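2 protein chains.
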Amino acid sequence: MSTNQIPYKIYLEESEMPRAWYNVRADMTNKPAPLLNPQTLKPVTEEALSHIFCRELARQELNDSDPYIPIPQPVWDFYRMYRPSPLVRAYCLEDRLGTPAHIYYKFEGNNTSGSHKLNSAIAQAYYAKEQGLRGVTTETGAGQWGTALSMACAYLELDCQVYMVKVSYEQKPFRREVMRTYGAKVTPSPSDTTQVGREILARFPGTGGSLGCAISEAVEAAGRQEGYRYVLGSVLNQVLLHQSVIGLETKAALDKYNITPDIIIGCAGGGSNLGGLISPFIGQKLRGELDCQIIAVEPASCPSLTRGSYVYDYCDTGRVCPLMKMYTLGSGFIPSANHAGGLRYHGMSSVVSQLYHDGLLEARSVEQTAVFQAATEFARVEGILPAPESSHAIRVAIDEALRCKETGQEKTIVFGLTGTGYFDMYAYQRFNDGHMTDAIPTDAEIAASLAQTPRVPE
Amino acid sequence: MSTNQIPYKIYLEESEMPRAWYNVRADMTNKPAPLLNPQTLKPVTEEALSHIFCRELARQELNDSDPYIPIPQPVWDFYRMYRPSPLVRAYCLEDRLGTPAHIYYKFEGNNTSGSHKLNSAIAQAYYAKEQGLRGVTTETGAGQWGTALSMACAYLELDCQVYMVKVSYEQKPFRREVMRTYGAKVTPSPSDTTQVGREILARFPGTGGSLGCAISEAVEAAGRQEGYRYVLGSVLNQVLLHQSVIGLETKAALDKYNITPDIIIGCAGGGSNLGGLISPFIGQKLRGELDCQIIAVEPASCPSLTRGSYVYDYCDTGRVCPLMKMYTLGSGFIPSANHAGGLRYHGMSSVVSQLYHDGLLEARSVEQTAVFQAATEFARVEGILPAPESSHAIRVAIDEALRCKETGQEKTIVFGLTGTGYFDMYAYQRFNDGHMTDAIPTDAEIAASLAQTPRVPE
């Protein structure tokens, strides 16, 4: 393999890094449905959104016409500290599988946040700082987003308040400690620091919390404090926009070596990494320039694309956020307690939802024991210990590579390796000890949860 | 800063990666003193060493004449998975400090082992595999070395048995779990699986163990099993040889931009990272081609260079290994219980010791609260959460940069950022909570420990 012309890691030069984010919505034939005010059921205005998000982010959230948004110089400078991320040729994995497929992965884990989340965290923190705000509030589940935001805020000297899903706060004390090291204030959610938190605690004493609940608390906390806004690490259009840097770099690296992908694979929770990775390729597909299979991989325990409904739903448990049309399992849906890692949000980015609805990508759900098998196999030959979330994409990449072995097809498979699993060793331990199980919700459970979605006339 | 010609990260091309390790001993005027057989006090032979290490490594250990040893192709291929590592210009740290100094760091933490240890682990595992061995045994303290060796062995499908210092085994369950994920068998040391372990347990029931004790157990375990050899992650000449890849890449990156270092700084425990980083520059100094200050930084709680003696000493508690002439605190020395992180070995690489003795480098000891202050400051502006060990080098780099601020000198400072602190959050937590203290051994404690060194006629 040492004589192959394509290096193990394709690094762009600093000068080749994207100078603008790509806004795939501008090129979509069917735009994502607008956010609705939950009271009036009318589309929310930029003015209304500006009370939740900072002004520029509210603008980006609603902008479905400009295909490119320049990356501000200070954000680009921060990107230079950990980007460009490598596009890695998985030579060793190919050898081990004995597949004729060529496998590449875009590795976003080589930064302290351990994931791609930093790409949007620095952008959101920057716009908050630029608007003269004092700080931001957010929620975090598995902890990657909270860590990323803490890092961005430390860099810009902005206050950072994180509501961390309680079960995660307790199981991952070291994630919490990383955030504290970056100066963030971390509160287990639900907490008694907000009205919505107190109500949930009263109704469900002893609850371990959920992302939807932590979102409600963070939004309330931002609204209550002068000079604060709420920020969110996934799902939103603005987040997919910032994450397009993943896809743009991936495409630039492939183009440099004249490689055309046959299959692009990404894990999907809220959809930000997937949306970011695929957006330039979706743009090509929409323009008829590329014929390529795109696969969103989700956990069988939280299967919003493969088993949810495409309807308007609440984004949070407290129902304080705008309504979003998306593939959803219902805002009350909580994955089984044995589900490890992230990808546990009940809904899906409205961009990804619309693209899926229009047949521009397909979706597949995988069970977590199979995911951890793939993670371990990958770690042992490629060196990197992957995050459980990323390992969903690895699972399907390996499955597709093995299919190529059967058919003899020399397909080019590209997948997103969104992060590392260094703070997920509790889950790995369960797997290593043989204690990990799968948990798939019943149709009745999903139907009951979906029955709680709001009624919005078409 | 965005217009500066030197990028944030200098990456070599794959084709620019070193093809041979540099053996600084070949160029040293005063060679390191030979290893001695503890019974006969005669220099150990390659034959005798081959019962402990695999043959090629025994050869490398004693080779002080060949300046370059080719890197075997399979090792080089493995290096390609995570190397070259970036030489980073610390623009943000410079800005924050307001220093005219130019600060660079060679970052070795972008791999799952989280440190430079992988550079030697893959080499040692490769030679074991090539010799047809079944497996290797080793010790690990903070856990980086054990993790690195586990990764290398998983890649080469070699059995890996790790004796982990018990206090670390208990405080760092997740480090242990990473090793298990890579298929290693991890045993807390002292254990009842070895004679030496049983003796130590009998004498000191409830002991948390030490590196010296874990080394003895690993050596015994290797000797007892057919097809096994012992491997060590620091101190030895062979390890410094493999780690020269750090210095060679650093020099190549600096040369690429015509940068001449004024100060090179590395943390020093057993001396492998420091020795590897500085060796090509020491070579230049020895040839009169470079006038540059080189600083070894050690913890004030384990100050082998600054307060130890340059004598022959035991390398391990069980006294089963050859004697080594080195700066040592005595093989019974154990840092105070409140000492965080690695850099807790009682002695120092004989190469580094001889270079220090000959005035080719200087040494400085720093206290751990000051180290964690530097670590936190660095993390917040440069993004990367550093390992406690690496942060010793950061402390002195910042001190020197601040001195430049006073004097107005535009010095070029290069330091080794050996790894990340993701598995050291327990120590960060103590610091964040204000519970971290310094602990400096008294002269009497060091003298008592040094009184136990063996008597070797000059």
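As you go down the protein sequences, you meet chains A and B in turn.
Per the working numbering, the first sequence starts with residue 1, numbered consecutively.
Per the working numbering, the second sequence starts with residue 1001, numbered consecutively.
All residues carry an ideal CB built from backbone N, CA and C; glycine is no exception.
All figures in this text were calculated on a predicted structure; none of them were measured in a lab.
Query raised in the report: Whose C-beta lies closer than 6 Å to the C-beta of Gln1293/B among residues of the same chain, with five residues either side of it excluded?
Result: Ile1263
Exercise for the section: Name, please, each residue of chain B whose Cβ falls closer than 8 Å to the Cβ of Tyr155/A. Expected result: Cys1092, Arg1380, Val1381, Gly1383
* To do: To the nearest angstrom, report how far apart Val311/A and Pro457/A are at their CA atoms.
  => 10 Å
### Environment of Glu1016/B [buried if 16+ CB atoms lie within 10 Å]
exposed
#### Entry: Amino acids of chain A, ordered along the chain, whose beta-carbon sits closer than 7 Å to that of Val1178/B
Leu385, Met425
Point to revise | Close-in-space but distant-in-sequence residues of the same chain around Glu445/A (CB under 6 Å, 5 per side omitted) | key: none
**Q.** Best match in Ala451/A, Gln452/A, Val351/A, Leu254/A for proximity to Ile103/A [C-alpha to C-alpha]
**A.** Leu254/A
### Message
When you compare the region 1364 to 1380 of chain B with the region 1318 to 1336 of chain B, are there three or more beta-carbon pairs, one atom per stretch, that lie closer than 8 Å?
### Response
no
* **Sufficient close CB pairs (3 or more, under 8 Å) joining the region 34 to 42 of chain A to the region 82 to 96 of chain A** => no
_Range of the contiguous alpha helix (DSSP H) that encloses Tyr1310/B_ = From DSSP, Tyr1310/B is part of no alpha helix (DSSP H) but of the beta strand (DSSP E) over 1309 to 1313.
(Q) I want to verify the contact list: residues of chain A whose CB lies under 9 Å from the CB of Pro1007/B, in sequence order. (A) Glu13, Glu14, Ser15, Arg80
In the DSSP assignment, what are the bridge partners of Glu362/A?
Ile295/A
Please classify Phe204/A as buried or exposed, where buried requires at least 16 other C-beta atoms within 10 Å of its C-beta.
exposed
*asked:* I need the DSSP call for Ala1447/B, collapsed to helix, strand or coil.
replied: helix
Is Tyr82/A closer than 7 Å to Gly1383/B when the C-beta atoms are compared?
yes
_Short CB-CB distance (under 7 Å) between Ala184/A and chain B_ = no
For Arg1455/B, which of Thr1317/B, Asp1313/B, Ile1071/B has the nearest alpha-carbon?
-> Asp1313/B
Any idea if His491/A is buried or exposed, counting beta-carbon neighbours within 10 angstroms, 16 or more meaning buried?
-> Not covered by the structure: residue 491/A. The range shown for chain A is 1 to 458.
Review point. Rounded to whole angstroms, how far is the Cβ of Val1297/B from the Cβ of Gly1270/B, which I believe are closer than 8 Å?
Key: The pair is not a contact, with the Cβ atoms about 14 Å apart (cut-off 8 Å).
Chain A contact residues for Gln1429/B, given Cβ-Cβ distances below 7 Å: Glu177
- Item | Boundaries (first-last residue) of the beta strand (DSSP E) holding Leu1133/B | Per DSSP, Leu1133/B belongs to no beta strand (DSSP E) and is neither H nor E.
Note to self: Which residue marks the beginning of the alpha helix (DSSP H) containing Tyr91/A, and which one marks its end?
What the structure shows: 91 to 97
Cβ-based burial, Asp1424/B [other Cβ within 10 Å; buried from 16]: buried
Q. Buried or exposed: where does Ala1340/B fall if 16 or more other Cβ atoms within 10 Å of its Cβ makes it buried?
A. buried
Item to check | Neighbourhood of Ser2/A by C-beta distance below 8 Å, restricted to the same chain and skipping five residues each side | outcome: Any answer about Ser2/A is weak, because its pLDDT of 39 lies below 50 and its placement is not dependable; what the coordinates show is given next. Hits under 8 Å: none found.
message = Taking contact to mean 3 or more Cβ pairs, one atom from each stretch, closer than 8 Å, check whether the region 1122 to 1133 of chain B and the region 1145 to 1162 of chain B are in contact.
response = yes
Let me see if you follow: with CB-CB separation under 7 Å, is Thr181/A close to chain B or not?
yes
- prompt: Is the Cβ of Val167/A closer than 7 Å to any Cβ of chain B?
  reply: no
Tell me the rounded alpha-carbon separation between Tyr1428/B and Pro1034/B.
40 Å
*For Phe174/A, which residues in chain B fall below 7 Å Cβ to Cβ?*
Met1425
(Q) Less than 6 Å separating the Cβ of Ile1413/B from some heavy atom of the ligand ADP? (A) Judged by which ligands are present, the structure shown has none, so any question about the ligand ADP falls away.
* Asked: If you follow the alpha helix (DSSP H) that Pro1074/B is part of, which residue opens it and which one closes it?
  -> 1073 to 1082
_Using only CA atoms, which one of Gly1212/B, Arg1380/B, Gln1243/B lies nearest to Glu1139/B?_
Gly1212/B
Exercise for the section: With 8 Å as the C-beta to C-beta threshold (strictly closer), list the residues of the region 1400 to 1425 of chain B near chain A in chain order. Expected result: Thr1420, Tyr1422, Phe1423, Met1425
- [ ] Identify every residue that forms a DSSP beta bridge with Ile1263/B.
- [x] Gln1293/B, Ile1413/B
To which residues of the same chain is Tyr1426/B closer than 7 Å at the C-beta, ignoring the five residues directly before and after it? Gln1171
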